[in-house]
Amino acid sequence: MAFEAGKGLTHLERLEAESIHIMREVVAETEKPVMLYSVGKDSAVMLHLARKAFYPSPPPFPLLHVDTTWKFRAMYELRDRMARESGMELLVYQNPEALEKGINPFDHGALHTDMWKTEGLKQALDKYGFDAAFGGARRDEEKSRAKERIFSFRSANHRWDPKNQRPELWNLYNARKAKGESIRVFPISNWTELDIWQYIHLETIPIVPLYFAAKRPVVERDGLLIMVDDERFRLKPGEVPQMKSVRFRTLGCYPLTGAVESEATTLPEVIQEMLLTTTSERQGRVIDKDGGSASMEKKKQEGYF
Amino acid sequence: MADLQESSYQADELIARDIDAYLAQHQHKSLLRFITCGSVDDGKSTLIGRLLYDSKMIFEDQLAALEADSKKIGTQGQNIDFALLVDGLAAEREQGITIDVAYRFFATEKRKFIVADTPGHEQYTRNMVTGASTADLAVILIDARKGVLTQTRRHSYLVNLIGIRHVVLAVNKMDLIGYDQAKYDAIVGEYRAFAESIGIGAFTAMPISGFVGDNITHKSAHTPWYDGPTLMHVLETVELNVTADQERKFRLPVQWVNRPDLDFRGFSGLIASGTVAPGDAVRVLPSGKTSVVSRIVTLDGDLARAVAGQSVTVTLADEIDCSRGDVITKEDEPVQVADQFEVTLVWMSDEALSVGRAYWLKMGTQTVSATVQAPKYQVNVNTLEHMAAKTLELNAIGVAQISTDRAIPFEAYDANRALGGFILIDKMTNATVGAGMIRFALRRSQNVHWQALDVSRDVRAGLKNQRPAVLWFTGLSGAGKSTIANLVEKKLVRMNRHTFLLDGDNVRHGLNKDLGFTQADRIENIRRVGEVTRLMADAGLIVITAFISPFRSEREMVRKMIPEGEFFEVFIDTALSDAEARDVKGLYKKARAGELKNFTGIDSPYEPPMAPEIHIDTARMSPEAAAELIIERLIP
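Chains A and B, in that order, are what the protein sequence lines are.
Each residue of the first sequence is one higher than the one before, counting from 0 in numbering that gives the first Met the number 0.
Each residue of the second sequence is one higher than the one before, counting from 0 in numbering that gives the first Met the number 0.
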């Protein structure tokens with residue numbers, strides 16, 4: 000994105016500069032930062048911005064994937080490839096208790112997210128002693144996110160206190176904290192879904208192919224199209240996967256992530272569908288719906304990203 | 000004018016017909032950040048909800064949830080309550096008010112927008128200031144039925160204080176006054192007189208209804224007498240701050256030094272103003288060293304020019320000292336450097352400003368220790384009167400002098416937000432407790448000529464054959480500080496060391512006899528003792544102090560005054576019950592009887608040291624043994 004002489008910056012140039020500024024602040028002011036890498040499109044953009052922020056140095060922190068063992072296979076492939084290409088260390092963490100108990104999305108419902116993701120994240124941060132963690136959350140995703148700071152302070156037991164957030168003025172971020180406390184940092188807070196797609200398009204950032212339409216085996220459950228990604232998927236009696244041309248707007252654990260029927264095989268087509276669609280991005284996620292409209296706020300207080 | 004208002008609907012058609020053309024158009028959009036000011040009754044959330052709705056930023060599933068919520072907890076009967084779209088946190092939804100700053104996003108054919116949605120009540124001044132700090136434009140909402148209110152004045156004052164150049168006066172709820180032009184004109188006239196009195200030169204006024212949608216994206220048929228622009232038109236066409244910033248002098252606060260190997264040293268930062276190109280002669284402040292820009296390095300190749308608002312990495316032709324906190328400027332356009340300023344402060348913490356206490360001051364990329372003096376005055380944000388003030392409470396705004404522990408590069412806030420706006424951080428809790436804007440420097444450092452002393456502190460200490468040191472005793476009244484300090488001094492003198500003991504008796508009766516025992520006086524007491532201690536250490540002495548010094552931050556303040564390695568915090572650790580049982584001077588008895596106020600341990604707190612250099616547990620050690628231990632640590 001080279002600047003054009005005689006013109007102001009475009010919105011994407013301003014957003015890019017802001018995100019880079021945030022990442023450099025964290026590296027300058029914290030002891031042991033880490034980047035949460037979930038392999039989705041937001042993570043892809045965040046990783047790309049980090050490479051820009053510190054070039055010609057590699058980003059001076061590792062990538063951390065808090066794994067649930069239930070991600071799409073294509074996500075694991077891209078994760079390993081991006082770690083190789085960026086020259087960054089990749090840490091994969093799986094909650095040993097969840098692993099031992101065989102926690103899975105079929106039998107354990109909300110516990111699945113709680114143990115693998117919320118608990119897994121806390122354990123991983125404690126294990127490595129990270130005092131700052133970059134996350135790819137955006138304020139346009141969900142109402143409680145809209146009020147979260149860019150530098151979001153966490154107590155020693157990872158709690159978020161929405162009533163007691165530090166004022167964030169101009170581009171001055173307060174990264175000071177006591178021992179044991181940490182901050183979650185959201186460098187792409189001010190990006191929208193469209194910004195993310197457009198930036199991926201302009202910068203040709205690699206993303207998981209699942210974002211593009213292809214014939215995939217799916218079953219319909221509770222109004223969602225769920226892809227049968229491996230042999231662990233439990234089909235109900237009489238249930239037969241159908242081959243449908245589908246793609247995903249967000250990526251998570253494959254048994255919990257709804258696909259949309261689509262013919263969009265290129266980025267402009269994906270963006271076109273997104274712009275003409277009439278449902279919001281998180282609509283394909285099962286997890287936001289537990290507990291009504293305040294559920295994400297509650298999860299975040301407990302330590303979910 | 001109406002043809003400019005159809006944006007979102009035209010966009011849909013273009014998206015469907017030619018997505019590549021739409022993307023090319025979208026790529027070149029600029030970004031406007033704005034704030035809406037008004038209380039919940041003025042229809043602020045409704046207006047934002049309306050902007051989102053009209054620019055098609057609300058999806059079907061959100062709309063369905065909104066309709067359900069509107070019926071359950073909405074305030075608009077069976078109609079859609081747009082306010083529910085934007086009131087995010089659960090507590091706010093229950094109370095029906097907006098507590099925090101929330102950010103909303105929408106786009107039209109011309110621009111992308113970020114709206115800071117902030118509460119209007121006086122107790123949320125800090126939230127409004129936070130939201131305003133990143134805004135290019137402010138929409139000030141007035142309820143047409145109520146006209147210009149106290150809160151309108153407060154919002155306008157804050158908007159002007161933060162330096163937002165573009166102001167829109169939106170007279171809302173016109174539907175509820177029958178679109179009465181005379182009433183509208185009267186409100187605008189009254190506002191104009193007020194705006195001029197506080198220095199808001201120009202503003203755009205318009206009659207709107209967020210609920211009905213009048214003059215939001217479409218010119219309303221209800222107001223044929225109004226020939227000005229719609230709100231959306233103003234938002235889409237107003238000039239942006241970032242464009243103006245490019246015309247100013249070049250300022251790059253260095254954020255991070257990029258050093259992948261010995262051959263590369265780049266200086267990374269967000270350009271605060273101006274432009275830069277390879278070959279430019281530059282100067283680094285505060286050192287004043289000069290060099291020439293060699294390259295502007297990015298992942299996508301070197302740049303021929305970079306401008307305000309971009310995050311860049313530059314390399315210089317010479318190996319000069321330059322680190323985080325420094326500011327790179329053009330060689331012949333340096334910024335000033337100073338360590339004392341007059342500032343406007345907005346206090347943001349439940350705990351009031353502590354005059355004389357050291358806070359962290361973060362401005363640009365530099366963090367320094369700073370102390371605030373008693374405010375010259377506090378501004379009554381409702382009447383704009385100046386009032387006398389001894390401190391600043393939560394949400395108070397005042398003007399005060401501030402000193403930093405070293406000279407820093409700066410510009411007046413009016414000239415450059417990035418180099419004149421700062422936050423204050425409590426050193427103990429790490430909370431952001433205040434925000435400030437530099438008005439001017441009280442004393443420019445380049446005009447101060449420190450007397451070049453040939454007789455240095457090393458020379459003085461050398462004459463005495465010793466290393467200067469400070470033994471700072473702290474502990475409860477009656478812990479035994481003076482007893483042990485006296486023993487230590489006697490032993491040192493016997494070892495031919497040059498010492499001085501400062502304690503309550505020789506300080507409270509002279510230097511500090513004007514001070515009492517309130518928190519502010521205790522802080523000032525320790526500050527003065529700290530300064531005297533520093534002078535004596537500079538004179539080459541071993542200084543022993545014996546004061547309760549109950550607050551960590553004051554002890555930290557003194558530690559910072561003394562060269563590293565010369566300050567020894569000596570914690571005389573006695574249980575309160577033991578000190579009280581001993582009660583040599585009978586003070587605890589008086590304090591318990593209520594005859595002594597603010598007595599440490601009784602009705603005033605003692606904050607024990609976290610990591611003292613020397614820790615004396617009086618339950619396990621005699622004063623004699625304690626004195627031996629201290630000397631052993633001081634002179635190994």
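Every residue gets a Cβ at the ideal spot worked out from N, C-alpha and C, and that includes glycine.
*Helix, strand or coil for alanine 185/B per DSSP?*
helix
*Simplified DSSP state of lysine 361/B, which is helix, strand or coil*: strand
*Which residues in chain A sit within 7 Å of lysine 111/B, going by Cβ to Cβ distance?*
His10
*Tell me, which residues are paired with arginine 153/A by DSSP?*
Ser181/A
*Residue from Phe499/B, Leu500/B and Ala478/B whose Cα sits closest to the Cα of threonine 549/B*: According to the sequence displayed, residue 549/B carries proline and not threonine. The shortest Cα separation from proline 549/B among Phe499/B, Leu500/B and Ala478/B belongs to Ala478/B.
_Does the CB of proline 307/A have a neighbour CB from chain B at under 9 Å?_
No answer is possible for residue 307/A: the residues shown for chain A start at 0 and end at 304.
*Got a sec: is the Cβ-Cβ distance from asparagine 170/A to anything in chain B below 9 Å?*
yes
*Within the same chain, show all residues whose beta-carbon is closer than 7 Å to that of asparagine 159/B, passing over the 5 residues directly before and after it, in chain order.*
Ile197, Gly198 and Ile199
*For glutamate 260/A, decide whether its Cβ has a neighbour in chain B, counting only Cβ atoms nearer than 9 Å.*
no
*tyrosine 92/A to proline 374/B span [Cα, whole Å]*: 52 Å
*Whole beta strand (DSSP E) runs in the segment 368 to 443 of chain B with 3 or more residues, listed along the chain?*
376 to 378, 396 to 409, 420 to 424 and 431 to 443
_Only counting the same chain, and skipping five residues up and downstream in sequence, which positions put a Cβ closer than 6 Å to that of glycine 227/B?_
Met205
*To the nearest angstrom, report how far apart threonine 573/B and arginine 264/B are at their CA atoms.*
53 Å
_DSSP-derived helix/strand/coil call for glutamate 640/B_ = Missing from the structure shown is residue 640/B; chain B here goes from 0 to 635 and no further.
*By how many angstroms is the C-alpha of alanine 109/A removed from the C-alpha of isoleucine 286/A?*
Low per-residue confidence applies at isoleucine 286/A: pLDDT is 49, beneath 50, and the placement is therefore not dependable enough to give any value.
*Quick one: give me the first and last residue of the beta strand (DSSP E) that proline 32/A is part of.*
32 to 35
_Going by DSSP, what residue range makes up the alpha helix (DSSP H) through aspartate 53/B?_
43 to 53
*glutamine 377/B: buried (16+ other C-beta within 10 angstroms of its C-beta) or exposed?*
buried
*Mind checking glutamate 350/B: buried by the 16 CB within 10 Å criterion, or exposed?*
exposed
*Return the CA-CA distance between threonine 297/B and serine 56/A, expressed in angstroms with no decimal places.*
11 Å
*Given that isoleucine 19/A touches chain B, what residues does it touch there, using C-beta distances under 7 Å?*
Ser310
*Mind listing the chain B neighbours of lysine 176/A? Cutoff is C-beta to C-beta under 8 Å, in chain order.*
Asn429
*Count the other C-beta atoms from every protein chain shown that fall within 10 angstroms of the C-beta of isoleucine 295/B, then say buried if there are 16 or more, exposed otherwise.*
buried
*Within the chosen definition, does the segment 155 to 171 of chain A reach the segment 51 to 68 of chain A through at least 3 CB pairs nearer than 8 Å?*
no
*For lysine 40/A, decide whether its Cβ has a neighbour in chain B, counting only Cβ atoms nearer than 9 Å.*
no
*Would you verify that the beta carbon of arginine 50/A is, or is not, closer than 9 Å to some beta carbon of chain B?*
yes
*So isoleucine 113/B packs on leucine 30/B, CB below 8 Å; how close in whole Å?*
7 Å
*Do the segment 26 to 41 of chain A and the segment 118 to 138 of chain A touch if we need at least three Cβ pairs shorter than 8 Å?*
yes
*Hey, does tyrosine 102/B have any beta-carbon neighbour from chain A nearer than 9 Å?*
yes
*With 9 Å set as the bound, which would you pick, yes or no: does the beta-carbon of phenylalanine 247/A sit closer than that to a beta-carbon of chain B?*
no
*Would you report the Cα separation of aspartate 79/A and proline 205/A, rounded to the nearest angstrom?*
12 Å
*Collapsed DSSP secondary structure at arginine 281/A in the structure displayed*: Residue placement at arginine 281/A is flagged as unreliable, the pLDDT there being 49, under the threshold of 50; a coordinate-derived value is accordingly withheld.
*Work out the CA separation of valine 367/B and valine 237/B for me, nearest whole Å.*
37 Å
*asked:* Just verifying my parser: in three-state terms, what is the DSSP assignment at lysine 329/B?
replied: strand
*Would glutamate 118/A pass as a contact of asparagine 94/A if the rule is Cβ separation under 9 Å?*
yes
_Among Leu22/B, Gln254/B and Ser552/B, whose alpha-carbon lies nearest the alpha-carbon of tryptophan 196/A?_
Leu22/B
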